[in-house]
Amino acid sequence: MRAHARAEAPREACGIIIGSAPAASGGAPLRWIPTTNVLASSTLYEIDAAELLRISLDADDAGEFIWGIVHSHVASPAVPSTTDTTVAGYPDALYLLVSLAPSQVAPDGEPGIRAWWIVDRSATEVRLRLQR
C-alpha cells in the first residue's frame with residue numbers, strides 16, 4: 244500500500260483489501276489489490292468501477308469479502324476528509340488512509356497509515372497493527 248501510494252504521487256492512490264469476512268464481522272485481511280484512481284487527482288479518488296466490480300465478483304466467487312478500502316493523502320494527514328466520509332459506501336469495511344505528508348512520514352521513511360470506520364458520514368479511528 245505504501246509503495247503504491249509513493250508510485251502514484253502526486254495523485255491519490257487507491258485500492259482494496261480482500262478479507263475472509265468483512266472487517267466489521269472480525270474478518271482477517273488476506274490480500275491487497277491496487278486499483279486505478281479514475282480521477283487522477285491529488286485531492287480526490289474514485290476507484291475504477293470496472294475494477295471494483297471485477298474485484299467484488301472475484302471475492303464473492305471465492306467466498307471472500309471487501310475488508311478494506313485504501314487511499315492516500317498526498318499532502319495531508321491520514322484523516323478522512325469531508326468528501327471521504329460523504330462518499331464512503333462500505334460500512335462493513337475499514338477505510339485505510341496512507342499519508343505522504345512530510346509530517347506524517349515515520350523516521351524510517353515509511354508513510355503513515357491510519358484506519359477508520361466510516362458509517363453515516365462519521366469517522367471513528369481504529370488502532371491497527373501492521374505487518375510488513
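The sequence shown lines up with residues 244 to 375 when you count with the working numbering.
We put the CB at the ideal spot given by N, CA and C, even for glycine.
Q.
Determine whether the beta carbon atoms of Val-313 and Ala-252 lie at a separation below 8 Å.
A. No, they are not a contact pair.
Q: Entirely within the segment 294–358 and at least 4 residues each: give me those alpha helix (DSSP H) ranges in chain order.
A: Counting whole runs of 4 or more residues, the segment 294–358 contains the alpha helix (DSSP H) stretches 325–330.
Q.
Please report the distance separating the alpha-carbon of Glu-341 from that of Gly-269.
A. A quick correction: the sequence has Val, not Glu, at residue 341. Val-341 and Gly-269 have their alpha carbons spaced roughly 22 Å apart.
Q. Under a three-way DSSP split, which group does Ala-366 fall into?
A. In this structure, Ala-366 counts as strand in the three-state DSSP scheme.
Q. Beta carbon of Ser-284, beta carbon of Arg-254: below 8 Å?
A. Remark: C-beta atoms of Ser-284 and Arg-254 approach each other more closely than 8 Å.
Q) DSSP state of Arg-254, grouped into three classes? A) Collapsing the DSSP output to three states places Arg-254 in coil.
Q) Are the beta-carbon atoms of Cys-257 and Thr-278 separated by less than 8 Å? A) Cβ distance < 8 Å, so Cys-257 and Thr-278 count as in contact.
Q) Taking buried to mean at least 16 other C-beta atoms within 10 Å of its own C-beta, is Pro-350 buried or exposed? A) Burial is judged here by how many other beta carbons sit within 10 angstroms of a residue's own beta carbon; Pro-350 has fewer than 16 and is exposed.
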